[in-house]
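J.: With this note's numbering as the guide, the letters of the sequence shown map in order to residues 40 to 305. Here it is, the structure, as structure tokens.
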Amino acid sequence: MRRLLICPDAELRPRSYGRPYPQPRTRPYDALLVIDSGGAVREQWLHDMNLRVTHLDALPNDRFVLQGHGAAGDQNAQIYGRDGRRRRSFVMGHAVEYLMADRRHHVWSAYFDEGVYSDPISADGLVRWDSGGNRQWGYRPPEGIEYIDTVYAFNVDDGVAWANYYPTFPLLEARTNGEIRLRKSPVIAPAGMAVHGEQVIMLGGCRQPDRLHRCRMTEHEVLLIEEACLTLPNGAPLRGYARPVGRGRHLYLRGASPRQWYVMGV
40 MRRLLICPDA ELRPRSYGRP YPQPRTRPYD ALLVIDSGGA VREQWLHDMN LRVTHLDALP
100 NDRFVLQGHG AAGDQNAQIY GRDGRRRRSF VMGHAVEYLM ADRRHHVWSA YFDEGVYSDP
160 ISADGLVRWD SGGNRQWGYR PPEGIEYIDT VYAFNVDDGV AWANYYPTFP LLEARTNGEI
220 RLRKSPVIAP AGMAVHGEQV IMLGGCRQPD RLHRCRMTEH EVLLIEEACL TLPNGAPLRG
280 YARPVGRGRH LYLRGASPRQ WYVMGV
């Protein structure tokens, strides 16, 4: 499923550095959410928005969770109902690297260093919320294990999140029943991963963005089984991609065109 959020009344505003950035002309504003599910396209209006949205995911019962910048105060996350109206605003912390939800009403937010070292919510590196925006859990590593600095690769399935994080890049398994497990991993700084049972596929890492690492998990470590070079379906080399999206056993990739996605699975 692909989602595209469009602000019909936006403009490019110059910045003191870098390229101009598109922003709504006025706030609040209405935005059009276009959803492509297996070729079936539907549209949903989201009303009275005041965020410049950077992350969006679907929740059960046709709801959505959004995170971004520009709202009054620190309430930088919002829940929208099936009618396109805002149900709640809440504080999610700064420097959100990933925002993903599952089908069991859990929302996960993972962070990078700018938030980890400056914001009390982001300081945990990985936080779980319920689908109403109430904080339920924050990561605390066992004694002797490094805290999260930045989450590099992330995967969410129903009731579980997987994270690979700087500086030591272990594979963290965090379940909604409170179970936490850390495994030593041979893959340094992967960009994405797919997980199914004991099998893990990691993409990138070790400064090789097109490298696939097929691994198997034991109780305490991740074992490398084989490596391969990932190519496009036509055999062409994979020269670049946007941040991968890991959903359980599937890893979704987008290349140069926002209209074309690729998926691979374990």
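We treat Cβ as the ideally placed atom computed from N, Cα and C, and that holds for glycine.
(1) Taking the straight line between their C-alpha atoms, what separation do you get for residue 77 and residue 40?
(2) Spatial neighbours of residue 186 within its chain, please: C-beta separation below 7 angstroms, excluding the five flanking residues on both sides.
(3) Which first and last residues belong to the alpha helix (DSSP H) in which residue 155 is found?
(4) Would you report the Cα separation of residue 264 and residue 273, rounded to the nearest angstrom?
(5) Counting pairs of beta carbons, one from the stretch 168–175 and one from the stretch 193–204, are three or more of them closer than 8 angstroms?
(6) Hey, out of 214, 103, 88, whose CA is closest to residue 64's CA?
(7) If we require 3 or more residues per run, which beta strand (DSSP E) segments fall completely within the stretch 108–165?
(8) Ordered along the chain, which non-local residues of its own chain (more than five positions away) have a Cβ less than 6 angstroms from that of residue 132?
(9) Looking at the secondary structure, which residues open and close the beta strand (DSSP E) in which residue 250 lies?
(10) Here's the rule I'm using: 16 or more other beta-carbon atoms within 10 Å means buried, otherwise exposed. How should residue 254 be labelled?
(11) My output table needs one value for residue 259: the three-state DSSP class, helix, strand or coil.
(12) For residue 123 and residue 109, I'd like the C-alpha separation in whole angstroms.
T.: Reading from the atomic positions:
(1) Computed Cα separation, rounded: 7 angstroms.
(2) Taken in chain order, the residues that qualify are 164, 180.
(3) Element bounds for residue 155: 152–155.
(4) Distance between the alpha carbons of residue 264 and residue 273: 25 angstroms.
(5) Counting C-beta pairs with one atom in each stretch, the stretch 168–175 and the stretch 193–204 have fewer than three that are closer than 8 angstroms, which means they do not touch.
(6) Minimum Cα distance to residue 64 is reached at 88.
(7) Listed in chain order, they are 116–119, 125–129, 135–140, 145–150.
(8) Annotation for residue 132: 154, 158, 160, 161 place their beta carbon closer than 6 angstroms to its own, counting only its chain and skipping 5 residues before and after.
(9) From DSSP, the beta strand (DSSP E) with residue 250 extends over 250–256.
(10) Residue environment: residue 254 is assigned as buried (16 or more neighbouring CB atoms within 10 Å of its CB, all protein chains considered).
(11) In the displayed model, residue 259 falls within coil according to three-state DSSP, outside both helix and strand.
(12) Cα to Cα, residue 123 sits roughly 19 angstroms from residue 109.
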